[in-house]
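Here's the structure, in C-alpha cells; my notes come after.
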Amino acid sequence: MEIVDIIQKKVNKQAFTKQDIDLVIDGVFNKTIPDYLITTWLMAIYINGLSLEESYLLTKSMWQHSSYIDLRGLGKDIVDKHSTGGIGDKVSLILLPIVASLGLPVAKISGRGLGFTGGTIDKLESVGVKTGLTKEDMLKQLKQHNIFITTQTEDIAPVDKVLYHLRDVTGTVGNYGLIASSVLSKKFAILGTHVYIDVKYGSGAFCPTYEEALKLVKYLKYIAKRMGRKLTIMISGMNQPLGRNIGNAIEVLEAQDFLSGNVDYTPDLKELIYKLSSVIIMNYHKNLDAKSAYKLVDDTIMSGKALNKFYEWIQAQGGDIRSVKTKKFFHPKHRYVIKAKKNGYLTFVSNAAVGMLSTRLGAGRILKTDKIDPQAGLWFHHKSGEWIKKGEPIVDCVSSKPINAKEIEKEFTFCCKIVQIKPKKIPVVRKVIYE
Ligand code: URA
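What follows is the structure, given as C-alpha cells:
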C-alpha cells in the first residue's frame, strides 16, 4: 500500500486500518513523505473525518513515535492542563503558577498558535523563555521549581510537531479526530500526569457550538480510556476573547497583571481560572471542598505567592526576568485605536475574526515560514455587554510594523458591533466532566 492509496481510501470514505495509519505516521516520522502528500492526507481526513477507533489508532501511533518522560515515580499525579484553543486564552500562563505555588507539581507540553488561535509557546517565547527543553531540563526544573512547560521537539511528540505545523497553514485544524490525536499524543508523552482539558466552543474556537464541543469530548474520552489515562474535561465558551488582551507579549502582560491581584478587571478570566484551579486542587486533595479550594486560589494570588512562582518559573526557563518585572518586554512601535462610531452596547460578531485581526497585525502565522511579531496584538477596553459612548476607544491595535488604518477598520467590522439591546451575559464555564 502506498500513501496515495491510503489517501484515496479516505477520499472514498473508507476506514483506515492500523497498518494504514502506521505507514503514514512512520513516513512522517522518518521524513520520507513530502509535505504535499501529508497535507493531502490531512485534507482527506478533514473532509471525511475519522471514527473514534481510527482516532485512537492515530493517537497511539503518534504517541509510539515519541520518546516519553516518565514521572510516575514522583508520587502523586502531576498536573497537565491543555486548551483546545481560543482567542486571548492565556489561562495556562496564570493557572499553572497558581497550582504550582500551592505545592502541586506541573508538567506541560504545549503548542504554538494554531489557525486563528494563539499558543502558549509563542507567548512564553515573547519574553525569552526557552521552550524546547531536554528530558534532563524537565526533570531538573520539576524538582527545583515544581513546574515546566516544553514544546514538541524532534524527540518529544515529533509527529505532532510536523502535523500541527502543516494543519496550521492548510486550514485542516478543525477536525475532531485530528484535534484529539494532536492533543492526547503529546499530553500522554509524559507518563504520570492527570490531564485537564479545557474544550472551547464558540465562534473563536474549533467547536462552533456546545453540542459540537460534546462531540470532541467523546473523542477525547474514548482515546483516554483506550490508552488507560486520566482525564478531566471542562467545557467553556469562546464567543468573545478571554480577558482583554490578544497576542503574545501583550497576553503575558495581562497574565502578570492578573497574578498581581487585578482579577476583577477580567471577570470571565477570573471565573475560568478560579473554577479550573479549584477543580485541580480538589482532585489532588480529595478532602477539600469547593469553597476552601476557591479560597486557597484567592489567597495564593492576593499574597503574591502565585506571582512569585510565575517569576521563578520564567527565570528558571531562561526568560528575561528583568524586563518581565519592569514590563519593558512590551514595547510596540505602532498603535492604532479603533473608536466607537455611535453610543451602544459592545457585542462580538465573530471571535474568529478577532483572532484573524490579531494575526493580520503579526501575532499569528498565515504562511508556514511566517515569523511571529511578539509585540503585535489587541487590547480591548471593553467586554461584551458594556456600554460605550460614541468616540470612546474600543480596542488598541499594536504592532512592530506600521498599521494600515483603513484595512484594520474594515476588518474590525467583521469582529464587533455596537447594538442598542444589551447582549445576554452567558457564564464562561458550561460543564466539568470528571472521570
Ligand atoms: N491543541 C492542540 O494541541 N492540537 C490541536 O489540534 C488543537 C489544539
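For the sequence shown, position 12 (counting from the first letter as 1) is numbered 85 according to my numbering, and the numbering increases by one without interruption. C-beta: ideal position from N, C-alpha, C; glycine also. Quantities reported herein were computed from a predicted structural model and do not represent experimental measurements.
Could you check the C-alpha separation between K483 and R145 for me, to the nearest Å? Roughly 53 Å separates the two Cα atoms.
So is R185 buried or exposed if we call it buried at 16+ other beta carbons inside 10 Å? buried
Measure the alpha-carbon distance for S472 versus G191 and round it to whole angstroms. 16 Å
On the three-state DSSP scale, how would you describe M300? coil
Beta-carbon within less than 6 Å of G247's beta-carbon, same chain only, minus the 5 sequence neighbours each way: which residues are those? Within the same chain, G247 has close Cβ partners F279.
Under three-state DSSP, which class holds R503? strand
Just to confirm before moving on: does the CB-CB distance between A262 and L215 stay below 8 Å? no
Which of helix, strand or coil DSSP assigns to S309: If DSSP states are grouped into helix, strand and coil, S309 belongs with the strands.
Unbroken alpha helix (DSSP H) run spanning K216, endpoints: K208 to H218
Whose C-alpha, out of D195, F89 and A230, is nearest the C-alpha of G250? F89
State yes or no: is the C-beta of F485 within less than 8 Å of the C-beta of I411? yes
As a quick check of your reading: which residues have a C-beta less than 5 Å from at least one non-hydrogen atom of the ligand URA, in chain order? Per the Cβ criterion, the list is T157, G158, G184, I252, S255 and V256.
What are the uninterrupted segments assigned as alpha helix (DSSP H) that are 4 or more residues long and contained completely in the segment 367-428, given in chain order? Within the segment 367-428, the complete alpha helix (DSSP H) runs of at least 4 residues are 378-389 and 394-398.
DSSP state of P340 mapped onto helix, strand, coil: helix
Report whether the distance from the Cβ of V352 to the nearest heavy atom of the ligand NAP is below 7 Å. This structure lacks the ligand NAP; its bound ligands are the ligand URA.
Option in S139, A173 and V172 with minimal Cα separation from T224: S139
For W452, count neighbouring Cβ atoms within 10 angstroms of its own Cβ and tell me buried if that reaches 16, exposed if not. With 16 or more Cβ atoms within 10 Å of its Cβ, W452 is classed as buried.
Please name the residue or residues paired with K463 in a DSSP beta bridge. None, per the DSSP bridge assignment.
Could you spell out where the beta strand (DSSP E) holding F453 opens and where it closes? DSSP places F453 in the uninterrupted beta strand (DSSP E) bounded by G450 to F453.
Can you tell me whether D143 is helix, strand or coil according to DSSP? Reduced to three states, the DSSP call for D143 is strand.
Whose C-beta lies closer than 6 Å to the C-beta of L110 among residues of the same chain, with five residues either side of it excluded? I76
L332 to Y347 span [Cα, whole Å]: 12 Å
In this structure, how does DSSP classify A253 when only helix, strand and coil are distinguished? helix
Check L187 in the structure and name its three-state DSSP category. strand
Please list, in chain order, all residues of the same chain as D522 whose beta carbon is under 7 Å from its beta carbon, the five residues on each side excluded. Any property of residue 522 remains undetermined from this structure, which presents the chain solely from 74 to 508.
Using 8 Å as the threshold, is the segment 288-296 in touch with the segment 158-176, meaning 3 or more CB pairs across them? no
Count the C-beta pairs between the segment 397-413 and the segment 454-474 that are closer than 8 Å, then say yes if the count reaches three, no if not. Touching, yes, given that three or more Cβ pairs across the two stretches are closer than 8 Å.
Helix, strand or coil for A478, going by three-state DSSP, please let me know. Collapsing the DSSP output to three states places A478 in a helix.
Once DSSP output is grouped into helix, strand and coil, what is the label at V202? coil
Length of the line joining the Cα atoms of N103 and I222: 26 Å
Locate the beta strand (DSSP E) running through S134, then write down its first and last residues. No beta strand (DSSP E) contains S134, which is instead part of the alpha helix (DSSP H) from L125 to Q137.
By how many angstroms is the C-alpha of L369 removed from the C-alpha of N321? 29 Å
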